[in-house]
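Visitor:
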Ligand code: HEM
Ligand code: HEM
């Protein structure tokens, strides 16, 4: 019986194994903490490779003759439809993934295996939710089609016994019959094996302590409104002690792995975006009594990356973060104020590169019960911290947008 060309067979099994790897890693991405960044890069790199291999495979399909169809009738039509669907999945999964990172609010550059920069697709920002929804959905669609496909292969092999499976094998060998489909299992397990240990920081529940004066920087002409907000935010802490006793202490929240802290800044008309892969947050807060908030976020500045090894090296240097002398940025805030139904503002102190300044952050909480999705942002004036104080920072805008999102679980 004629078989597919060796190159078609090679691509069939390679792509199958890579897809299994992608799904196994993809599902874990959201729950990753520190170390997640490199896995995102790997997921994106392997995904783009699948796109390229699929395009080659489609070219091969027209270039090399394929064995003739064995089945006609509805079974033949179903097999062709499933094959067509699988090709759409092989193209659609990477394209939606690419679209979702291209339209994300924080644009993290994609470097194919850390080397080749992949540009972002020119898509409108509101395409993001479609791309994100489509990406997750396509994985399930692909799994459903795969199950139909394998059911068909098993039917041919076990029931019809027409030897169809050998058309997708380089030789008639029982070992290959196990080894090639087994590659998918290897992909799946490899995806699980390389997941980093979840690094969740446990915040201890503690009653909200009143903010002390030293934690609030003295008002300067430029931050009077900030200082006012601090006072509003901490005022309820002066409430009588009885009230404190009647209300249970605010819960502490454990940040779930998978959160993201990103930054972006304009550089002569172009946006430089990146993220921090290592950070921890200790949060105590009752969402209904935001004044109870006690927040401490620590960011390992050496984990800053814009996806380019050279620029990352510059970020760590004296002109920017000077991580050798000041490895961490620390934000602390006691008390927050409600600015909308689910939105809050906390004014605290940001300490970085030897300087401490008042800093406000805004965030929204969604979800109920023991779990909350936290998303927020801050606009940071970089000059008071001496970040970007050299020759290469001439075109850099004075304010850097920082965004964060993570899931938190009440302890
Ligand atoms: C080629 C096949 C691919 C497959 C089978 C795949 C599969 C998946 C799966 C199953 C998830 C989890 C979705 C969820 O939890 O809802 C995921 C997440 C993700 N994928 Fe892919 N992916 C592929 C390619 C790509 C590519 C090429 C990129 C980017 C260039 C990408 C970027 C992402 C991102 C950023 C997430 C996290 C989404 C989020 O946080 O909501 N993927 N992927
Ligand atoms: C255990 C796993 C798998 C087995 C046993 C298997 C088996 C086969 C066999 C025997 C054929 C040839 C059908 C024929 O000659 O008419 C085939 C074709 C095909 N397979 Fe798979 N397959 C597997 C996994 C996958 C996966 C994961 C995908 C992609 C997501 C895939 C996509 C395809 C496509 C698109 C074709 C049609 C090739 C063409 O005619 O262009 N297969 N597969």
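In the working numbering, the protein residues as written are 81 to 491.
Note that beta-carbon positions come from the ideal geometry of N, C-alpha and C, so glycine has one too.
Measuring alpha carbon to alpha carbon, tell me which residue in 84, 110 and 149 is nearest residue 141.
Guide: The option with the nearest alpha carbon to residue 141 is 84.
Visitor: Examine ligand 2 and report whether any of its heavy atoms sits within less than 6 Å of the Cβ of residue 120.
Guide: Outside the cutoff, so no.
Visitor: Would you check whether ligand 1 has a heavy atom nearer than 6 Å to the C-beta of residue 102?
Guide: Yes, the beta carbon of residue 102 sits closer than 6 Å to at least one heavy atom of ligand 1.
Visitor: Is residue 83 a contact residue of ligand 2, with contact defined as CB to any heavy atom under 6 Å?
Guide: Residue 83 Cβ: outside cutoff for every heavy atom of ligand 2.
Visitor: Report the start-end ranges of each alpha helix (DSSP H) in the region 360 to 388 that is 4 residues or longer and not cut off at the edges.
Guide: DSSP runs (the alpha helix (DSSP H)) wholly in the region 360 to 388: none.
Visitor: Using CA coordinates, which residue listed in 136, 225, 236 and 109 is at the minimum distance from residue 90?
Guide: It is 136.
Visitor: Would you mind working out which of 160, 139 and 373 sits nearest residue 149, comparing C-alpha positions?
Guide: Here the closest residue by C-alpha is 160.
Visitor: Please tell me whether residue 168 and residue 212 are closer than 7 Å, where the distance is taken between their beta carbons.
Guide: Their beta carbons are not under 7 Å apart, which means residue 168 does not touch residue 212 by this criterion.
Visitor: I want to see whether chain C comes within less than 7 Å of residue 177, judged by CB atoms only; does it?
Guide: Among the chains in the structure shown there is no chain C, since it carries only a single protein chain.
Visitor: Have a look at 272, 332 and 95 and flag the residue whose alpha-carbon is nearest the alpha-carbon of residue 107.
Guide: The shortest Cα separation from residue 107 among 272, 332 and 95 belongs to 272.
Visitor: Taking the alpha carbon of residue 486 as the point to measure from, which residue in 342, 275 and 131 has its own alpha carbon closest?
Guide: Selected option, being the one with the closest Cα: 342.
Visitor: Please name the residue, chosen from 96, 105 and 446, that lies closest to residue 230 on a Cα-to-Cα basis.
Guide: If we check each option's Cα against that of residue 230, 96 comes out closest.
Visitor: Quick one: using the 10 Å Cβ neighbour count with 16 as the cut-off for buried, is residue 199 buried or exposed?
Guide: It counts as exposed.
Visitor: Using 7 Å as the threshold, is the C-beta distance between residue 330 and residue 366 below it?
Guide: Contact: yes.
Visitor: Along the chain, where does the beta strand (DSSP E) that runs through residue 148 open and close?
Guide: It is not in any beta strand (DSSP E) - residue 148 carries neither H nor E in the DSSP assignment.
Visitor: Closer than 6 Å: is that where the CB of residue 255 sits relative to any heavy atom of ligand 2?
Guide: Incorrect: residue 255 has no Cβ contact closer than 6 Å to ligand 2.
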